[in-house]
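To keep things clear, I will list the structure first and then write my remarks on it.
There are 2 protein chains.
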Amino acid sequence: MNSRHLTFRLLQVYAAVVGAGSVSEAARRLHLTQPTVSQQLKRLAETVGEPLLESRQGRLAPTEAGAELYRASREVLGRFDDFGDYLEALRGGERGRFSIALVNTAQYVLPRLLGPYSQAFPEVDVTVHIGNRRHMLTRFERQEDDLYVFSHPPSLAHAVAGRFLRNPLVAVAPRDHPLAGRERVAMSELLGERMLLREPGSATRMLFDSWLQEQGLTLGPTLQMASNEAIRVGVASGMGLAVLSEHVLPSEHPDLVILPVAGLPLESHWQFIVRRDRRLSHAALGFLRFAEGHLGECVESRFLCNELAGLLGRLEVADAAS
Amino acid sequence: MNSRHLTFRLLQVYAAVVGAGSVSEAARRLHLTQPTVSQQLKRLAETVGEPLLESRQGRLAPTEAGAELYRASREVLGRFDDFGDYLEALRGGERGRFSIALVNTAQYVLPRLLGPYSQAFPEVDVTVHIGNRRHMLTRFERQEDDLYVFSHPPSLAHAVAGRFLRNPLVAVAPRDHPLAGRERVAMSELLGERMLLREPGSATRMLFDSWLQEQGLTLGPTLQMASNEAIRVGVASGMGLAVLSEHVLPSEHPDLVILPVAGLPLESHWQFIVRRDRRLSHAALGFLRFAEGHLGECVESRFLCNELAGLLGRLEVADAAS
DNA sequence: ATTCATTATAGATAATTATCTATAGATACG
DNA sequence: CGTATCTATAGATAATTATCTATAATGAAT
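Going line by line, the protein sequences match chains A and B.
Reminder that position 219 of the first sequence reads as 219 in the UniProt record's numbering, one-by-one numbering, no gaps.
Reminder that position 112 of the second sequence reads as 112 in the UniProt record's numbering, one-by-one numbering, no gaps.
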C-alpha cells in the first residue's frame, strides 16, 4: 500500500461512506455529487490494493480490509482534530510557553502579575530569567526571550515597548536620622552622608547619576552593593543613605523613612519590551493581554500606569502584516 | 487548519526533516532535492497556519506547534504502517475470515483438515455451515459462502472445483448377517433385503440410484432416514442393509461388516467448489493452500486424492487477471 | 571579510486530484 | 415488468501537487 498520495480528505470521504452505508447518502452529506464520491472510493481502493466495500443486502458494508481502514481512518482523523484543538489553544494563548527576562529590581513587582496569570492560564509554561542589567542586555541582544522588562530600555530599533508601572526612586534614611523629621530636604544636604549605591550600569544607578549631573551635584562618600536588599538593610542599620526604587521597600518599614528631597521621587517606569524580529509566542501575547486587562487588580493604584494597549496595538499591526 | 489537502507524504517529509534537524539532510535521506523539501515544508506550514520550525543555533528545531504536529504525524504514520501490516497478514491468509458450507456427509472428514488449519492460523475466523444438499445448493446459488464442499457439484458454469478426498460408497450389513461371511456378493442379492436410504436429492442417494439404474436393478423394500448416523445405527441393529460413505463408519465397527458387493465401492470424491463470481477471501485461499500442502498428514492415505494444486492454479490465474 | 553550507525563492512542467455533467448498468419495490 | 434509486463509468476541466534546475539570500565559521 502506497500512502504517498493518500489525503486526509480521502479518508474523510471514506469514513462518511462507511458511516452512511451508501455512496449517494454520503455524497449528500458531503455536498458532493455521487460520482465524485464513487471515484474517490475507487482511487482509495486502488491505493490500498484491496476491495474495501461490498454490497450486502442493499447496504454497502466494509470488507475485512475496509473495516480496518475505517478504524485507522477514524483514529487518524481524530488525532488531527485534536491537533486542531491544540492549535486553537495555542493561538488563544491558553497553552504553550514563553520566557520573560527581568532586571533584578523588577522581581519585586512582576510576581504580582505572573501569579494571577499562572492561575488563569495553568497550561502555559513560563520561564523567568532574572539578572542584572548587563546580563539582561546580553539576553536581549541574543533574542533569547519573548519578553523583557526594563525600566530603561536599550535601543528600540528592533523592538517595541509599553510602560505598565510607575517606578519612583526615593531617598531613604534610617528612621532615627537627623534629617528624618524635616519638611523639606535638599539633595545637597544628603551628599555629605555616605550613599549606598548599586553598581554602575544598573538602571537605578544610571538614573540617579544622570539626575545628579543635571543638578550639577557630585557624590560624596559611597559604598557600592550589588543587591537592593542589601542596600535596604544597610540603610536601616545606619550604614548610610540611599536612593532606591520604592518597590524595594516593604509596605511596612518601621526602620526606614522616605526623605522629602526636593526633585524626588525620580520618575521612571517599568516597561515590557518585545523584539519585533522574533515571532512573539501566542502565550506571551496572551500574557500581555492579561496584564493589560488585569493590571489594576494586581498592583497598588498609586503605581498604576497602564500603557499596554498601545503596545498590543503595535504588535497586532505587525502580526497582521506578517 | 484545513486538512483537506494534507497528504501522508507531506507528513513523512516533515517527520524526516524534524528527525534530521535539517532540510538538506532530510532531502538527502528522502532522495529529493533541497528546494523540494523546503517547498513542501512551506506548504505544510501554510496548511497548519503556524510556523513549524525555527533555526536554533544552526539546527532546525520545531516550534511549539511544530512539536505537536510532529507527535501527531508520528502517530498517524505509525497507525498506517500498522494498517499496512494488517493488510499483509490479510493477504497472506494469516488473518481474516471465511465461511465454508458442507453437505452433511462431509462433516465426517472436514474437521480433520480444519482442526490443524485452525491451529496453524489461529487469527482466522472460520464459519462452517452444515446441511443437506438442497440446503447447500441454496447457499451456493446465493453466493453466501467462500467455499463449498460437495461430492457431486452443481453446475460449474460460475465455479471451479478441485477434488481432494476419495469418498467410496460401500454396502454395509450387520456382522451377524447371512451374507457377512461371503467372498463375493451380487447387488441383486441385497435388493431383496430392506435397504435404509437417505432422502432423494442427497448425493449418496443420487449416486446409488443412478448406479442401480445403470445396472438395470430396482430397489426392493426401503426405509428412508435423513441422517447417516441413524442409518448406520439402524443397520447395526438389524433394521436392514445400506449403502453408505465409508467415512461414515467409525474406524472400528464391531457391529458392522462391509459386504464385498460386485461393482462396489462406488467411487465418488469430495471436492472444494469455489465460485468465480465472488471474490475469494485471502483467508479461504490460505485454507486451500494449507489443505493442498497438508492433506497427506490429515487423512488416511487410502482416501487421499489431492487435486487441489489444479484448483489453486485456476484460482491464481483468475486472480492475476482481475 | 571570505567562504562554505544551508535555506529560500522563482520559474517550469508533468502528474495527480477534485470536481462536475451525462449516461449506462444494477437492484430493489410494488 | 416497469420504475425509482442506487452505483459505476466516461469524459472534461480547473486546481493542486510533486518535482526539478537555477539562483539568490542567510548565516556560521574561519
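The beta-carbon is built from N, C-alpha and C at its ideal position, and this holds for glycine as well.
Contact under 8 Å by Cβ, residue i with residue j
{"i": "G66/A", "j": "L87/A", "result": "no"}
{"i": "H269/A", "j": "N167/A", "result": "yes"}
{"i": "A72/B", "j": "F80/A", "result": "yes"}
{"i": "R198/B", "j": "A226/B", "result": "yes"}
{"i": "M187/B", "j": "G220/B", "result": "no"}
{"i": "G96/B", "j": "L102/B", "result": "no"}
{"i": "L10/A", "j": "Q40/A", "result": "yes"}
{"i": "P260/A", "j": "L169/A", "result": "no"}
{"i": "L60/A", "j": "V13/A", "result": "no"}
{"i": "F8/B", "j": "R4/A", "result": "yes"}
{"i": "A27/B", "j": "Q34/B", "result": "yes"}
{"i": "D255/A", "j": "R182/A", "result": "no"}
{"i": "L241/B", "j": "L190/B", "result": "yes"}
{"i": "M206/A", "j": "H152/A", "result": "yes"}
{"i": "R278/B", "j": "Q143/B", "result": "yes"}
{"i": "A180/A", "j": "V257/A", "result": "yes"}
Buried or exposed (CB count within 10 angstroms, at least 16 for buried), residue i
{"i": "A262/A", "result": "exposed"}
{"i": "N2/A", "result": "exposed"}
{"i": "R184/B", "result": "exposed"}
{"i": "L315/B", "result": "buried"}
{"i": "T204/B", "result": "buried"}
{"i": "L302/B", "result": "The sequence given here has Arg at residue 302/B, not Leu. R302/B should be labelled exposed."}
{"i": "P250/B", "result": "exposed"}
{"i": "A120/B", "result": "exposed"}
{"i": "G162/A", "result": "buried"}
{"i": "D146/B", "result": "buried"}
{"i": "L156/B", "result": "exposed"}
{"i": "P62/B", "result": "buried"}
{"i": "A230/B", "result": "exposed"}
{"i": "R134/A", "result": "exposed"}
{"i": "S210/A", "result": "exposed"}
{"i": "S245/B", "result": "buried"}
{"i": "R232/A", "result": "buried"}
Neighbourhood of residue i by C-beta distance below 6 Å, restricted to the same chain and skipping five residues each side
{"i": "A321/A", "result": "Residue confidence is low: A321/A scores 46 on pLDDT, short of 50, so the model does not pin down where it sits. No coordinate-derived value is stated."}
{"i": "G21/B", "result": "R59, L60"}
{"i": "T127/B", "result": "S99"}
{"i": "residue 323/A", "result": "The structure shown does not extend to residue 323/A, since chain A spans only 1 to 322, so no value can be given for it."}
{"i": "T222/B", "result": "M195, L197"}
Residues near residue i by beta carbon distance below 7 Å, same chain, minus five either side
{"i": "R276/A", "result": "H158, A159, V160, A318"}
{"i": "E292/B", "result": "N306, L308, A309, L312"}
{"i": "L285/B", "result": "G93, L315"}
{"i": "Y117/A", "result": "F287, F290"}
{"i": "Q224/B", "result": "L197, E199"}
{"i": "E50/B", "result": "A65"}
{"i": "L217/A", "result": "M187, S188, L191"}
Whole-number beta carbon distance between residue j and residue i, since they are thought to touch under 8 Å
{"i": "A173/B", "j": "V235/B", "result": "7 Å"}
{"i": "N132/A", "j": "S237/A", "result": "Incorrect: roughly 24 Å between the Cβ atoms, too far for contact."}
{"i": "L30/A", "j": "V23/A", "result": "Not a contact, Cβ separation roughly 10 Å."}
{"i": "F83/A", "j": "L69/B", "result": "7 Å"}
{"i": "F140/A", "j": "P154/A", "result": "6 Å"}
{"i": "Y108/A", "j": "H247/A", "result": "4 Å"}
{"i": "V76/A", "j": "V76/B", "result": "5 Å"}
Same chain only: Cβ atoms within 8 Å of residue i, ignoring 5 sequence neighbours per side
{"i": "V149/B", "result": "I100, A101, L102, V103, A106, L110, W270, Q271, F272, I273"}
{"i": "D299/A", "result": "It is worth fixing the name first, because residue 299/A is Val in this sequence and not Asp. V109, R112, L113, L165, listed in sequence order."}
{"i": "H282/B", "result": "L90, R91, G92, G93, G96"}
{"i": "A15/A", "result": "Y70, S73, R74, L77"}
{"i": "Q215/B", "result": "M187, G263"}
{"i": "E297/A", "result": "P116"}
Subject >> alpha helix (DSSP H) segments (min. 4 residues) lying fully within the region 209-252 of chain B >> reply: 228-236
Subject >> beta strand (DSSP E) segments (min. 3 residues) lying fully within the region 138-202 of chain A >> reply: 147-150, 159-166, 169-174, 195-197
**OP:** Any chance you could list the beta strand (DSSP E) runs of at least 3 consecutive residues sitting entirely within the region 57-143 of chain A, in chain order?
**Re:** 59-62, 96-103, 124-131
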